[in-house]
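Take a look at the structure below.
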Amino acid sequence: MASVSGWALSPQAEAAKPEPDLAAGRAAYGQYCARCHGPQAAGDGYDAKRLYPRPRNLTEGVFKFRSTATGTAPTDEDLFRTLTNGLPGSGMPDWRHLDEAVRWQLVYYVKSLSSVEQDAPAQPVDLGRDPGPRHADLAAGKRAYEKMGCAACHGAQGRGNGTSAPSLTDTWGRATRPADLTQGWNYRGGSDTKAIVTRVLAGIDGTPMPSYAEAASPNDAWQLAYYVRSLQQDPNWSMIAHAPLAREGLPASLDDPRWQRVPRVDVRLRNAMNEQGEWALPQTVSAVSFRVVHDGAAARFLISWQDPSDDRGDSPDGLALALPSAKVVGDSVTLQLWPMRFSPPLDLCVWSAKSLKTNEGVVRRYDTLLQGASQAVPLDTQAAYEDGQWRVMMTRPLAPANLPNAAQITPGRFTPLAFAVWDGGNAGQRATSSWVDVVMDAEPAKAHASQ
Ligand code: HEC
Ligand code: HEC
5 MASVSGWALS PQAEAAKPEP DLAAGRAAYG QYCARCHGPQ AAGDGYDAKR
55 LYPRPRNLTE GVFKFRSTAT GTAPTDEDLF RTLTNGLPGS GMPDWRHLDE
105 AVRWQLVYYV KSLSSVEQDA PAQPVDLGRD PGPRHADLAA GKRAYEKMGC
155 AACHGAQGRG NGTSAPSLTD TWGRATRPAD LTQGWNYRGG SDTKAIVTRV
205 LAGIDGTPMP SYAEAASPND AWQLAYYVRS LQQDPNWSMI AHAPLAREGL
255 PASLDDPRWQ RVPRVDVRLR NAMNEQGEWA LPQTVSAVSF RVVHDGAAAR
305 FLISWQDPSD DRGDSPDGLA LALPSAKVVG DSVTLQLWPM RFSPPLDLCV
355 WSAKSLKTNE GVVRRYDTLL QGASQAVPLD TQAAYEDGQW RVMMTRPLAP
405 ANLPNAAQIT PGRFTPLAFA VWDGGNAGQR ATSSWVDVVM DAEPAKAHAS
455 Q
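To get the working numbering, take the position in the sequence shown, counting from 1, and add 4.
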């Protein structure tokens, strides 16, 4: 498991800690931070509305990623680490490229913005001793996960789909969601066991995630952390996907073992802006995984994504597999902005959880297909929802005969494709990917290493 280290503070960092120079800190803040956190650090910078969660109001002194008791100030090192690594999965960038001395001045400046240091000085939590991976007891960790009620928010398998997940709000009155613990790359405060133990014992202030310092011994917390870490799945990010030729026929169902021989590709999603140009909701679907295989006549896709709720009503879950229409060059349109005035039509294969069916059409808007366009062509589809995950299998002819301007997929050539996902349980929020290239290979599936 690749680890986003929350603890990669170089031993020299401490030694290099300079004397505070608030004027230098203020200048660096104005240069790097004000556009998001605001000129007076009230969390209202020019870019703030484009981000969710919102940039923090740093004058309130509420910090999420601390190694200190809940309600107390973070340590200087906590802030230094946040600046250095950024907060993955949020709009907070990393500042590794700034000199360490500048980062320390920013730390001092952030501390000077609120009174938390005076009101509640940093009180480090006792992390106990790491039993080490060889003494990790995953069964004990799983029991702790169940006993301590983590599943109520994070879900039985950690997919962020617990029963309380849809109704959580943060200190600032905004909707928030429990982290998807299977997506280690998306942990804000680090995905290694030490970071997880720290989150459990210190809590995440400002959010519904409590501190378990009273409820768990450090040893329980370490076992729990090893278990949580075991839930993380390595992503396989790629901009290019290979669709092997299935000489033995296409996989026939969602669970057909032949899918295991097809490499999986993961693609990140970003929420689309609302009409006011804001991000106003938490992102509940962060990535799509897909495998594709073909038999010379049709391509069969197995697409899966984590969505915390199964919504089949009037605001259903949905997925669009986008291909450029025959008249468009792939990269000339971004799904982030599509559809907009004068944007070209796209070839969309749109699946809806309401009908459990997929329709393909060359359209100028998603709605056309979501509402059932007259020229739409149905695609052979299977779908299943299980514990926070949708899986959809759809089959599309390489060269559709009865769909004018449909994308023609030619084996051996790159075809761009992209995804849009709707989570009906998140007010119809749409998340979109960038384009990835798919190439239909000429050699059989066996030639590819399995993943
Ligand atoms: C592109 C926007 C953006 C910029 C630029 C930015 N931040 Fe942030 N920052 C955020 C967001 C968004 C959050 C909230 C993340 C969350 O709540 O999970 C955040 C959170 C923080 C936090 C809170 C950490 C915690 O533990 O809760 C600190 C401290 C912080 N930023 C400092 C800075 C400093 C210092 C700079 C300049 C070097 C900076 N930020 C630049 C977007 C930004
Ligand atoms: C009441 C709901 C709730 C419960 C119970 C809860 N969490 Fe969380 N958890 C959250 C929320 C909300 C977040 C996201 C916080 C944020 O980043 O804003 C979160 C985030 C996390 C993170 C990710 C931190 C990061 O770096 O991004 C971990 C790890 C975690 N929780 C572990 C646990 C474990 C283990 C338990 C049980 C001991 C637990 N949580 C119990 C709500 C909860």
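Note that beta-carbon positions come from the ideal geometry of N, C-alpha and C, so glycine has one too.
Keep in mind the model is a prediction, meaning the values are calculated, not measured.
Residue burial classification, residue i (beta-carbon count within 10 angstroms, cutoff 16)
i	result
F346	exposed
Y50	exposed
A160	exposed
R417	exposed
R251	exposed
A20	exposed
Q122	exposed
G317	exposed
E23	exposed
A446	exposed
L142	exposed
E104	buried
G65	buried
K331	exposed
G164	buried
Through-space distance from residue j to residue i, alpha-carbon basis
i	j	result
S71	L325	43 Å
G132	A206	13 Å
E282	N61	18 Å
G429	C157	15 Å
L110	G177	28 Å
Q35	D25	16 Å
D391	L374	25 Å
D224	L341	47 Å
L285	L117	28 Å
S313	D427	8 Å
N190	N406	42 Å
R272	P59	22 Å
Q127	V120	12 Å
L402	A435	26 Å
G194	G188	8 Å
G95	Q287	12 Å
K296	N278	According to the sequence shown, residue 296 is Val rather than Lys. Going from the Cα of V296 to the Cα of N278 covers about 32 Å.
R107	R30	12 Å
A208	L360	Before going further, note that residue 208 is Ile rather than Ala in the sequence given. For I208 and L360, the distance between alpha carbons rounds to 38 Å.
D48	A38	9 Å
T63	V269	42 Å
P415	M398	18 Å
R4	L55	A question about residue 4 goes unanswered here, because the residues of the chain that appear run from 5 up to 455.
Whole-number beta carbon distance between residue j and residue i, since they are thought to touch under 8 Å
i	j	result
Q393	L258	Their Cβ separation, rounded to whole angstroms, is 11 Å, which puts Q393 and L258 out of contact at 8 Å.
A229	V201	4 Å
L235	T186	5 Å
P197	W226	Contrary to the premise, residue 197 reads as Thr rather than Pro in this sequence. Contact flag correct, Cβ pair sits at about 7 Å.
T419	L327	7 Å
A422	S438	6 Å
A291	W309	7 Å
H298	V443	Between V443 and H298 the Cβ distance is about 10 Å, and since that is not below 8 Å, they are no contact.
V366	D351	5 Å
P320	A357	4 Å
G145	Y231	3 Å
Distance cut-off 6 Å: residue i Cβ against heavy atoms of ligand 3
i	result
R192	With respect to ligand 3, the structure shown offers nothing to examine, as its ligands consist of ligand 1 and ligand 2.
First through last residue of the beta strand (DSSP E) which encompasses residue i
i	result
C353	L350 to S356
W226	Element bounds for W226: not the beta strand (DSSP E) but the alpha helix (DSSP H), P222 to L235.
K151	Not the beta strand (DSSP E): K151 falls in the alpha helix (DSSP H), residues L142 to K151.
S308	A302 to Q310
A424	F418 to D427
H298	A291 to H298
W394	Q393 to P401
L383	V381 to L383
Residues that residue i bridges to, as DSSP identifies them
i	result
M444	A247
K361	S356
N275	A435
E390	Q393
G322	S356 and W426
W241	D270
L327	D351
P128	T72
First and last residue of the uninterrupted alpha helix (DSSP H) at residue i
i	result
V201	T197 to A206
V120	V120 to D123
T88	D80 to N89
Q109	E104 to S116
L374	Y370 to L374
Q433	Counting along the chain, Q433 falls outside any alpha helix (DSSP H), though it belongs to the beta strand (DSSP E) covering Q433 to T436.
G34	L26 to Y36
A156	C154 to H158
CB contact below 7 Å: residue i versus chain D
i	result
G162	This model lacks chain D altogether; it includes just one protein chain.
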